[in-house]
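Student:
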Amino acid sequence: MLDAHGDIDWEGLLLTIKYGKCTPFLGAGACYGTLPLGSSVAKEWADKYEYPLEDSNNLARVAQFVAVQRGALRPKYEIKERFGKSSSPDFNDPLEPHGLLADLPMPVYITTNYDSFMVQALKNRNKNPRQELCRWNSVIKDYPSVFEEEPDFKPSVQEPIVFHLHGHIDVPESLVLTEDDYLDFLLNISRDQDLIPKRIRRAFTETSLLFIGYQLADWNFRVIFRSLISYLEISTRASHVSVQLVPLSDQATDGQKAKARDYLDNYFDKLEVNVFWGTGREFVANLRKQWEAFKVGN
């Protein structure tokens, strides 16, 4: 029988964290309870704009419809308005994902979320984070970059980088939101790897990647892996990738989880993927417990 939370190599993960060789990826599930999930936003827009198809919970497709009907920037401005009205999480809550990650010795944080919660959490821990956008389209190609303004800058635990792979709400043009955005994003970064700064590319190939807040069927999750696959394949060392996934459903059986693992093995081929089955808060509770015990022994 499968363990309820999967098979995570905690010792290996904790060692990479200790030596600053772990890079977290944050997905929408990390904001659960604070920001609406994409499926909820999609359903609201589907009703508001009379979306005619059945997949009304698919944000990328509904956003594409809105963009075609009302203009390319309409869904991006709507996201900015919606997220701008939300309050920040309680970073002192021991089960809040951003707060825990801010406590850990990590020089680079990567997120596909549009919010600033990771930056806020790091500041809450008296760190000096730098916020960076992926300049994946021509509109934002000249957006300021710390790596250009300060060529000698090196991310550190005290002064980490928070890299927004899919944009930030303060710059609506940077958001990867519609189906066209996702396709353009993949096409552009495959043509020009320099759209992702060299220091961030190094994190892809030289560190363990920790995904928090993604679902197996999440479009963001699949696009990320399609984006990263070439980096992982050329890595000079064995890449240990830990993936935290929300359960398939509240009643997911061991058999369903086993089939999902088989799917992951086939999808990611030879990549080493460990899956934690549970909510973000469950994962954070486990990681915090493991980390506190690890610090005592080290």
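According to this note's numbering, the sequence shown is numbered sequentially starting from -12.
Positions of the beta carbon are idealized from the N, C-alpha and C atoms, including for glycine.
Keep in mind the model is a prediction, meaning the values are calculated, not measured.
#1: Looking only at its own chain, which residues have a Cβ that is under 6 angstroms from the Cβ of residue 91, when we skip the five neighbours before and after it?
#2: Between residue 214 and residue 173, is the Cβ-Cβ spacing less than 8 angstroms?
#3: Quick check on DSSP: helix, strand or coil for residue 119?
#4: Can you tell me the Cα-Cα spacing of residue 313 and residue 104, whole angstroms?
#5: Can at least three beta-carbon pairs, one atom from the stretch 122 to 132 and one from the stretch 3 to 19, be found at a separation below 8 angstroms?
#6: Can you tell me whether residue 169 is helix, strand or coil according to DSSP?
#7: I believe residue 66 touches residue 162 by the beta-carbon criterion, under 8 angstroms. Please report the beta-carbon distance rounded to the nearest angstrom.
#8: Look up residue 200 in the DSSP assignment and say whether it is helix, strand or coil.
#9: Can you name the start and end residues of the alpha helix (DSSP H) that residue 64 belongs to?
#10: Please name the residue in 110, 45 and 99 whose C-alpha comes closest to that of residue 121.
#11: Run through DSSP, which three-state label would residue -5 get?
#12: Could I get the ranges of all uninterrupted alpha helix (DSSP H) runs contained in the stretch 68 to 109, with 4 residues as the minimum, in chain order?
#13: Alpha helix (DSSP H) containing residue 187: first to last residue?
#14: Using the DSSP secondary-structure output, state which residues sit across from residue 9 in a beta bridge.
#15: Assuming residue 275 and residue 13 form a contact by the criterion Cβ under 8 angstroms, report the distance between their Cβ atoms to the nearest whole angstrom.
#16: Would you mind reading off the limits of the alpha helix (DSSP H) that contains residue 28?
#17: Apart from the five residues on each side of it in sequence, which residues of its chain come closer than 8 angstroms, Cβ to Cβ, to residue 223?
#18: So residue 33 and residue 43 are supposed to be a Cβ contact under 8 angstroms. How far apart are they, rounded?
#19: Return the CA-CA distance between residue 9 and residue 209, expressed in angstroms with no decimal places.
#20: Are the Cβ atoms of residue 313 and residue 116 separated by less than 8 angstroms?
#21: In whole angstroms, what separates the C-alpha of residue 142 from that of residue 68?
#22: Give me the Cβ distance between residue 238 and residue -3, rounded to the nearest whole Å; I'm assuming they're in contact under 8 angstroms.
#23: Hey, could you find the ends of the alpha helix (DSSP H) residue 134 is sitting in?
#24: Between the Cα of residue 56 and the Cα atoms of 21, 150, 39 and 72, which residue gives the shortest distance?
#25: In the DSSP assignment, find the unbroken beta strand (DSSP E) run with residue 140 in it and report its ends.
#26: Would you mind sorting residue 168 into buried or exposed? The rule is 16 or more other CB atoms within 10 Å of its CB.
#27: Pick from 37, 195, 283 and 284: whose alpha carbon is nearest that of residue -5?
Tutor: Quick answer:
#1: Once the five neighbours on either side are set aside, the close Cβ partners of residue 91 are 4.
#2: The answer is yes: Cβ separation under 8 angstroms.
#3: DSSP, read as helix, strand or coil, puts residue 119 in strand.
#4: No information on residue 313 is available, as it lies outside the stretch -12 to 285 that the chain covers here.
#5: Between the stretch 122 to 132 and the stretch 3 to 19 there are fewer than three C-beta pairs closer than 8 angstroms, too few to call the two in contact.
#6: Three-state result, residue 169: helix.
#7: Approximately 7 angstroms separates the beta-carbon atoms of residue 66 and residue 162; this is inside 8 angstroms, confirming the contact.
#8: Look at residue 200 here: in three-state DSSP terms it is strand.
#9: It spans 61 to 71 - the alpha helix (DSSP H) in which residue 64 sits, taken as one unbroken run.
#10: Ranking 110, 45 and 99 by Cα distance to residue 121 puts 99 first.
#11: Reduced to three states, the DSSP call for residue -5 is coil.
#12: Runs of the alpha helix (DSSP H) inside the stretch 68 to 109: 84 to 90.
#13: Where residue 187 is concerned, the enclosing alpha helix (DSSP H) starts and stops at 185 to 193.
#14: 195, per the DSSP bridge assignment.
#15: No, residue 275 and residue 13 are not in contact; Cβ-Cβ is about 16 angstroms, not under 8 angstroms.
#16: 25 to 35 is the extent of the alpha helix (DSSP H) around residue 28.
#17: Only weak support is given to the placement of residue 223: the predicted model assigns it a pLDDT of 49, under 50, and the question is left unresolved by the model.
#18: Between residue 33 and residue 43 the beta-carbon gap is near 4 angstroms, inside 8 angstroms, which marks them as a contact.
#19: Distance between the alpha carbons of residue 9 and residue 209: 20 angstroms.
#20: With the chain covering only -12 through 285, there is no way to say anything about residue 313.
#21: Rounded to the nearest angstrom, the two C-alpha atoms are 31 angstroms apart.
#22: Contact flag wrong, Cβ pair sits at about 27 angstroms.
#23: It spans 133 to 136 - the alpha helix (DSSP H) in which residue 134 sits, taken as one unbroken run.
#24: Of all alpha-carbon atoms in 21, 150, 39 and 72, the one lying nearest the alpha-carbon of residue 56 is that of 39.
#25: Note, residue 140: premise wrong, no beta strand (DSSP E); not H, not E.
#26: Buried, since its Cβ has 16 or more Cβ neighbours within 10 Å.
#27: Nearest in C-alpha terms to residue -5, of all of 37, 195, 283 and 284, is 195.
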